[in-house]
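Input: a single structure, listed below in structure tokens.
In the working numbering, the protein residues as written are 100 to 237.
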């Protein structure tokens, strides 16, 4: 692997780590791209090539993942929406449903005792939202 490719992947990893840490803050592609000294279009293309989803899709997946944790802990849908940095309850609910296959209110009412009994790393893996509905458990 060339030194340029390593530098690019290092920059993309820094951007992804920033999303992981600051997912509840207002983030957009131009801001994320500027942090790693790339144009928004180039950043978005390279991020998608490296991680299989656009920066915005990754951010929303991270937000939904955190919202799922909050809903399992008893938060309301509105509180979870606001806590993860979403400003529109409708858009949040729509994205949540797209990723999980059910609305957040339905998810919140469901029994989550099995997840709370799992080790945290396993729970993270099992409950991670996926776009591929075929790989999602029934």
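Glycine included, every Cβ here is placed at the ideal spot set by N, Cα and C.
Alpha carbon to alpha carbon, how far is residue i from residue j?
i           : j           : result
residue 164 : residue 194 : 11 angstroms
residue 167 : residue 229 : 13 angstroms
residue 210 : residue 216 : 12 angstroms
residue 109 : residue 181 : 31 angstroms
residue 183 : residue 222 : 19 angstroms
residue 139 : residue 212 : 42 angstroms
residue 192 : residue 170 : 12 angstroms
residue 123 : residue 201 : 22 angstroms
residue 142 : residue 214 : 36 angstroms
residue 227 : residue 157 : 12 angstroms
residue 174 : residue 208 : 11 angstroms
residue 129 : residue 152 : 16 angstroms
residue 206 : residue 224 : 17 angstroms
residue 134 : residue 102 : 20 angstroms
residue 121 : residue 179 : 15 angstroms
Please classify residue i: is it buried, with 16 or more other beta-carbons within 10 angstroms of its beta-carbon, or exposed?
i           : result
residue 104 : exposed
residue 162 : buried
residue 203 : buried
residue 132 : buried
residue 218 : exposed
residue 237 : Its pLDDT being 41, under 50, residue 237 is placed unreliably by the model, and the measurement read from it follows with that caveat. Residue 237 should be labelled exposed.
residue 154 : buried
residue 172 : exposed
residue 137 : buried
Can residue i and residue j be called in contact, C-beta distance under 9 angstroms?
i           : j           : result
residue 198 : residue 160 : yes
residue 126 : residue 118 : yes
residue 113 : residue 150 : no
Would you call the stretch 130-147 and the stretch 178-189 in contact, with 3 or more CB pairs under 8 angstroms? Too few Cβ pairs lie closer than 8 angstroms, so no.
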